[in-house]
Each structure stands twice: as structure tokens, then as C-alpha cells.
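Novice:
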Amino acid sequence: MTAPLAPASASTTQPSPDEQAAQAQFDRIIDADGRIEPRDWMPAAYRKTLVRQISQHAHSEIIGMQPEANWITRAPSLKRKSILMAKVQDEAGHGLYLYSAAQTLGIGREEMTDQLIAGRARYSSIFNYPTPTWADMGAIGWLVDGAAIANQVPLCRASYGPYGRAMVRICKEESFHQRQGFEILLELSQGTEAQHRMAQDAVDRWYWPSLMMFGPPDDESPNSAQSMAWNIKRFSNDELRQRFVGMLVPQAEVLGLTLPDPNLAWNDETGAYDMSEIDWTEFHEVLAGRGPCNAQRLQHRRQAHEDGAWVREAAHAYAATQATTEQVAA
Ligand SMILES: [Fe+2]
Ligand SMILES: [Fe+2]
Numbered sequence: 001m002t003a004p005l006a007p008a009s010a011s012t013t014q015p016s017p018d019e020q021a022a023q024a025q026f027d028r029i030i031d032a033d034g035r036i037e038p039r040d041w042m043p044a045a046y047r048k049t050l051v052r053q054i055s056q057h058a059h060s061e062i063i064g065m066q067p068e069a070n071w072i073t074r075a076p077s078l079k080r081k082s083i084l085m086a087k088v089q090d091e092a093g094h095g096l097y098l099y100s101a102a103q104t105l106g107i108g109r110e111e112m113t114d115q116l117i118a119g120r121a122r123y124s125s126i127f128n129y130p131t132p133t134w135a136d137m138g139a140i141g142w143l144v145d146g147a148a149i150a151n152q153v154p155l156c157r158a159s160y161g162p163y164g165r166a167m168v169r170i171c172k173e174e175s176f177h178q179r180q181g182f183e184i185l186l187e188l189s190q191g192t193e194a195q196h197r198m199a200q201d202a203v204d205r206w207y208w209p210s211l212m213m214f215g216p217p218d219d220e221s222p223n224s225a226q227s228m229a230w231n232i233k234r235f236s237n238d239e240l241r242q243r244f245v246g247m248l249v250p251q252a253e254v255l256g257l258t259l260p261d262p263n264l265a266w267n268d269e270t271g272a273y274d275m276s277e278i279d280w281t282e283f284h285e286v287l288a289g290r291g292p293c294n295a296q297r298l299q300h301r302r303q304a305h306e307d308g309a310w311v312r313e314a315a316h317a318y319a320a321t322q323a324t325t326e327q328v329a330a
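Following UniProt numbering, the numbering of the sequence shown begins with 1 at its first residue and continues without gaps.
1) Taking 7 Å as the cut-off, is the CB of D90 close to at least one heavy atom of ligand 2?
2) Note down the Cα distance separating R39 from L116, rounded to an integer number of angstroms.
3) Among R52, G271 and S236, which residue has its Cα nearest to the Cα of P217?
4) With DSSP as the reference, please indicate the residues paired to I36 in a beta bridge.
5) If A75 and L84 are in contact, beta carbons under 8 Å, what's the gap, nearest whole angstrom?
6) The beta strand (DSSP E) with N267 in it runs from where to where?
7) Could you tell me whether any non-hydrogen atom of ligand 2 is closer than 7 Å to the CB of H59?
8) Assuming D274 is part of the alpha helix (DSSP H), what are its boundary residues?
9) What would DSSP say about S77, mapped onto helix, strand or coil?
10) Quick one: give me the first and last residue of the alpha helix (DSSP H) that N151 is part of.
11) What is the DSSP secondary structure of N231, counted as helix, strand or coil?
12) Assuming V254 contacts Y273 under a Cβ cut-off of 8 Å, what Cβ separation, rounded to an integer in Å, is found between them?
13) Taking only beta-carbon atoms, is Q56 less than 8 Å away from chain D?
14) By the 10 Å Cβ neighbour count, where 16 or more other Cβ atoms means buried, how is L259 classified, buried or exposed?
15) With DSSP collapsed to three states, give me the class of F127.
16) Please confirm whether W134 and Q178 have their CB atoms less than 8 Å apart.
17) Following the continuous alpha helix (DSSP H) through A24, name the residue where it begins and the one where it ends.
18) Leaving aside the five residues before and after N128 along the sequence, list all residues of the same chain whose C-beta is less than 8 Å from its C-beta, in chain order.
19) How should D90 be labelled, buried or exposed, when 16 other C-beta atoms within 10 angstroms of its C-beta is the threshold for buried?
20) Report the rounded CA-to-CA distance for R122 versus M212, giving the unit in angstroms.
21) Please report how far the alpha carbon of D136 lies from the alpha carbon of Q66, in whole angstroms.
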């Protein structure tokens with residue numbers, strides 16, 4: 001059963017019989033675990049939640065290109081350079097699929113871009129951390145893309161069709177990203193002592209932020225229940241975080257690296273890993289725009305948007321010329 005829906009608008013008027021029938025049809029689709037498509041009726045709150053979530057997700061992919069693009073010119077070999085370039089390009093593609101999915105809900109690409117560059121839109125705070133060493137490329141792939149997979153695989157079954165379908169392809173590419181990160185770390189970990197230290201240092205810095213990517217603890221995540229009732233979200237933040245840690249532990253052993261939590265231990269009674277408290281103060285600081293690289297990331301995005309103005313103008317001019325030519329031909 002679906003949970004009671006939030007009011008569709010601020011209006012206090014009773015829904016019309018047509019609206020009631022449309023709502024009942026929507027509820028039936030959700031209850032049957034079916035898909036809502038762009039032309040279907042949907043409650044305003046469902047549409048709003050999806051626009052917020054998908055656009056934030058798209059922005060995260062686009063901003064997420066920056067910490068790694070920073071290393072393309074300095075990758076240690078041609079092979080590493082081409083892999084990293086392919087990965088950064090994938091992230092651009094993910095952003096584009098997701099902007100397109102959000103557009104099917106009625107928001108324009110320009111509006112989303114304006115919200116991002118004006119600093120009014122959120123994106124994943126993980127991308128506001130710096131990438132000082134090559135090992136950061138490994139830690140991002142292993143931990144950040146790994147957390148993204150844990151979060152996003154269930155989204156392949158999201159009730160909104162265009163979002164779920166975009167996630168299928170994205171998840172396939174994210175698996176490649178995670179493997180390339182793991183492989184970078186493995187090579188460094190088995191390399192010289194200095195390389196091993198560099199790998200461990202990167203894991204030490206990225207481990208906790210990657211756990212924060214799952215969002216606040218369940219009892220502080222007020223919107224989660226509604227998202228789960230709408231079949232957008234399938235598992236709670238804490239469940240996903242726990243599942244992710246369970247995946248990391250054996251992989252860290254293979255890497256010969258330590259996860260930086262002295263309290264991390266399997267608990268037979270709970271059937272889950274015990275872990276230390278997450279320092280949410282840091283999370284909230286970064287979320288509030290006071291992370292190490294917030295200003296730099298936004299400034300860079302703004303600059304890229306301005307630098308790309310000529311491409312947009314040229315595309316518009318070309319489209320206008322094509323339209324005129326077609327009119328003359330007709
Ligand atoms: Fe991605
Ligand atoms: Fe990725």
C-alpha cells in the first residue's frame with residue numbers, strides 16, 4: 001500500500017472527481033510496483049521530489065568531473081590517462097542522461113543549469129573535497145563510485161520510468177569506475193613503501209566522506225519514508241551504508257589497506273558491522289557550502305558555462321539556418 005500522499009498543492013479545494021480517479025490510478029500503479037511514465041498523471045509532490053532528486057543527481061555527475069579531470073594531464077602513464085579520460089567522459093554522459101530524465105518532468109535544462117551556477121542547487125558534497133595525490137583517483141573510484149553503485153543499483157527499479165532506465169546504463173559504467181579505482185589502489189598498495197602509504201592516506205581521507213554519501217541516519221531523514229512509499233527509494237540510508245561497508249571489508253583485505261575505523265567489527269548478534277559514530281558536523285559544514293572546495297567547484301562550473309557560450313550560440317544559429325533552409329525548400 002502507498003502511504004498517505006502529501007497535499008498536491010497549497011490549494012484547500014477538494015480534488016475534482018477526475019483528479020481523484022487519476023490519483024487512484026497512480027496509487028494502483030505504485031502498489032503493483034509498476035512504472036509511471038512522463039505523460040501519466042502524477043501527484044505534484046511526487047513530481048517535485050523527482051525533479052529535486054534527479055537534478056541534484058545530474059549536478060553531482062557534472063561537478064564530479066572536476067576532482068578527477070584535475071589529474072588527466074598528470075596521470076602516470078598513457079594507459080592511466082586514457083582510462084581516466086574515459087571515466088570523466090562517462091560522468092558527463094551520466095549528467096546528460098539525468099538532465100534529460102528531469103526534463104521529462106517539465107523543468108528546462110537552462111533552468112537547472114542556472115540553479116547550479118547561481119549556487120542555489122545542491123550536488124553531492126563528496127565532490128567538495130580536494131584530490132592532492134594520484135592515489136585519490138584510486139580512492140574515488142573504489143569508495144565514491146562504489147558508494148554511488150550501492151545507492152544507485154536500487155534506483156534502477158525506481159517507479160519513474162525515465163529515471164530507472166537512465167540508472168541501468170549509469171550503473172554499468174559505475175562498475176567499471178569502481179574496478180579501475182580498485183586496480184589503481186592495488187597497484188599502489190603493492191608498490192613501494194611510499195606508494196603504499198599514499199594509497200592508505202587516500203583511503204583514510206575518503207572513507208568517512210564516502211559513508212556520508214548515503215545521507216543522514218534514518219531517524220534524521222524525514223523525506224525517506226515518502227520516497228520509499230512511492231517506490232523511488234528502496235532501502236533506507238542506514239541499510240545501504242551497512243551494505244556498502246560489508247562490501248568494503250573483504251576488498252580492503254585484498255588491497256592490503258586498512259579502513260580507518262578502529263571500532264569496525266562484525267557483530268554476530270546484529271548480523272551487521274559495528275562502526276564508529278559518523279562526524280555529521282563535518283557533513284553539515286560541507287553541505288552548507290563551507291567544504292574545502294565548494295567555492296572553487298562552483299567558480300569552475302560557472303567559468304566553463306561562460307566559456308561554452310559560443311558553442312550554444314553556434315548551435316542556435318545552425319538550428320535557425322536549418323529551419324530557414326527547410327522552409328525555403330518547402
Ligand atoms: Fe557517474
Ligand atoms: Fe562514476
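Don't be surprised by glycine CBs; every beta carbon is placed ideally from N, CA and C.
Specialist: From the atom records:
1) In the sequence shown, counting from the first residue as 1, residue 90 sits at position 90. Indeed, a heavy atom of ligand 2 lies less than 7 Å from the Cβ.
2) Taking the sequence shown and counting its residues from 1, the one referred to as residue 39 is at position 39. Taking the sequence shown and counting its residues from 1, the one referred to as residue 116 is at position 116. Between R39 and L116, the C-alpha separation is close to 27 Å.
3) For the purposes of this step, residue 217 is identified with residue 217 of the sequence shown, where counting begins at 1. Looking from the CA of P217, the closest CA among R52, G271 and S236 belongs to S236.
4) Here residue 36 refers to the residue found at position 36 when the sequence shown is read from its first residue. Partner(s): Y160.
5) In the sequence shown, the residue the question calls residue 75 occupies position 75. In the sequence shown, the residue the question calls residue 84 occupies position 84. Their Cβ separation, rounded to whole angstroms, is 5 Å, which keeps A75 and L84 in contact under 8 Å.
6) Within the sequence shown, residue 267 is the residue found at index 267, counting from 1. Element bounds for N267: A265 to N267.
7) Position 59 of the sequence shown, counted from the first residue, corresponds to residue 59. No - ligand 2 has no heavy atom lying nearer than 7 Å to the Cβ of H59.
8) Here residue 274 refers to the residue found at position 274 of the sequence shown. First-last for D274: A272 to D274, but that is the beta strand (DSSP E), not the alpha helix (DSSP H).
9) Counting from one through the sequence shown, the residue named residue 77 turns up at place 77. It is coil, neither helix nor strand.
10) As a working mapping, residue 151 is identified with position 151 in the sequence shown. In this chain, the alpha helix (DSSP H) harbouring N151 covers G146 to Q152.
11) Sequence index remark: in the sequence shown, residue 231 carries index 231 (1-based). DSSP places N231 in coil when its eight states are reduced to three.
12) The residue you call residue 254 lines up with position 254 of the sequence shown. The residue you call residue 273 lines up with position 273 of the sequence shown. Contact flag wrong, Cβ pair sits at about 17 Å.
13) Here there is only one protein chain, and chain D is not present.
14) Here residue 259 corresponds to residue number 259 of the sequence shown, with the count starting at 1. Answer is buried; the Cβ neighbour count reaches 16.
15) Numbered from 1 along the sequence shown, position 127 holds the residue referred to as residue 127. Three-state DSSP puts F127 in a helix.
16) Translated into the one-based positions of the sequence shown, residue 134 becomes position 134. Translated into the one-based positions of the sequence shown, residue 178 becomes position 178. It is not a contact, given that the beta carbons lie outside the stated cut-off.
17) Along the sequence shown, one-based indexing puts residue 24 at 24. That run of the alpha helix (DSSP H) goes P17 to D31.
18) Translated into the one-based positions of the sequence shown, residue 128 becomes position 128. Here the set comprises V286, G291, P292, C293, N294 and R297.
19) Within the sequence shown, numbered from 1, the residue matching residue 90 stands at position 90. D90 comes out buried.
20) Reading the sequence shown from its first residue, position 122 is the one you call residue 122. Reading the sequence shown from its first residue, position 212 is the one you call residue 212. The alpha-carbon atoms of R122 and M212 are separated by roughly 15 Å.
21) What you label residue 136 is simply residue 136 of the sequence shown in a count that begins at 1. What you label residue 66 is simply residue 66 of the sequence shown in a count that begins at 1. Each residue's Cα considered, the two are about 13 Å apart.
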